[in-house]
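In our numbering, the protein residues as written are 264 to 554.
Built from N, CA and C at the ideal position, the CB exists for glycine as well.
Take a look at the structure below.
Structure (structure tokens):
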């Protein structure tokens, strides 16, 4: 749910000890209304947008989430919800690809299980760009994103998500040619696409968790940690070994595909679970502000 100007959107009251001084202080230059984009510079912090009526508090994110507008908290919750959906789409894509590759290792015809998993992987490959698009859109629409805490995390997260998607989809395209057409784009393509997919997913996961930790700290809660780094380090090592093995000894496509997909499954699972946790915490905060 993006921030919208409507009569039901209420901001939290300012702390009692802040007095009228906080409410009447002018807003800084470069602050745009989160509802309509109107320039709010110079207006009082406790006022409303003269264009759409949205409280200026909703457009001026501060560090402590409890002091932010409920609509802003809901927007951040939507960011993590969409990141969670993107992680789940990646998980389905990797898991079904892993099953299809394992099945084809034992049966060159892949069998019913392998064919079903391949179809599931193809469907996930179609859904993934849509989910990533909406996740990127949510991050890009963050109210006054340059001023709000975590701005550079959001920028790096968006770039990493695009890198991961491009690498992952091209890697699957490469294997589709090897499986279905019998062609071979060469080991360097494998190495490049595997590096894009693995490093992009890894960086996106680490940035998402850093952003999640920052968000929970803004909520006054313990962060989600940075335990994904070892997992992605292992995954990248596997990708490098498989790519070099393909170049040197000629690993067959099913084995390479199974190893690559399996290596990325673990940290992707952890990412999906942690995004869900952050979204759940923020959802509880939204309910409290609404109450």
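Residues that residue i bridges to, as DSSP identifies them
| i | result |
| --- | --- |
| residue 318 | 311 |
| residue 289 | 307 |
| residue 295 | 302 |
Presumed contact (8 Å Cβ cut-off) between residue i and residue j, rounded CB distance
| i | j | result |
| --- | --- | --- |
| residue 460 | residue 430 | 3 Å |
| residue 355 | residue 380 | Going by Cβ atoms, the distance from residue 355 to residue 380 rounds to 10 Å, so no, they are not a contact pair. |
| residue 406 | residue 324 | 6 Å |
| residue 417 | residue 474 | 7 Å |
| residue 477 | residue 421 | Contact flag wrong, Cβ pair sits at about 16 Å. |
Residue i classed as buried or exposed, judged by whether at least 16 other C-beta atoms fall within 10 angstroms
| i | result |
| --- | --- |
| residue 285 | Model confidence at residue 285 stands at a pLDDT of 44, short of 50, so the residue's coordinates are unreliable; what they give is reported in the following sentence. Under this definition residue 285 is an exposed residue. |
| residue 382 | exposed |
| residue 485 | exposed |
| residue 495 | buried |
| residue 393 | exposed |
| residue 438 | buried |
| residue 560 | In this structure the chain extends from 264 to 554, so residue 560 is not present and cannot be described. |
| residue 339 | buried |
| residue 424 | buried |
| residue 500 | exposed |
| residue 483 | exposed |
| residue 233 | Coverage of the chain is limited to positions 264 through 554, which leaves residue 233 absent and any answer about it impossible. |
| residue 305 | exposed |
Span separating the alpha-carbon of residue i from that of residue j
| i | j | result |
| --- | --- | --- |
| residue 336 | residue 549 | 6 Å |
| residue 552 | residue 435 | 44 Å |
| residue 320 | residue 308 | 6 Å |
| residue 547 | residue 334 | 13 Å |
| residue 426 | residue 293 | 30 Å |
| residue 397 | residue 391 | 10 Å |
| residue 299 | residue 395 | 25 Å |
| residue 532 | residue 463 | 16 Å |
| residue 290 | residue 297 | 14 Å |
| residue 465 | residue 350 | 11 Å |
| residue 456 | residue 341 | 30 Å |
| residue 497 | residue 471 | 19 Å |
| residue 415 | residue 517 | 39 Å |
| residue 384 | residue 503 | 23 Å |
| residue 318 | residue 410 | 17 Å |
| residue 322 | residue 295 | 7 Å |
Interface flag, residue i vs chain D, CB-CB below 8 Å
| i | result |
| --- | --- |
| residue 340 | This model lacks chain D altogether; it includes just one protein chain. |
Quiz item: Looking at C-beta atoms only, is the number of pairs between the region 529-543 and the region 321-338 that lie closer than 8 Å three or more?
Solution: no
Quiz item: Given 8 Å as the limit, is there contact between the region 350-363 and the region 513-525, that is, 3 or more CB pairs closer than that?
Solution: yes
Quiz item: Using 8 Å as the Cβ pair cut-off and three pairs as the minimum, do the region 311-320 and the region 499-511 touch?
Solution: no
Self-check item: the region 394-412 in contact with the region 341-349 per 3-pair CB rule at 8 Å
Solution: yes
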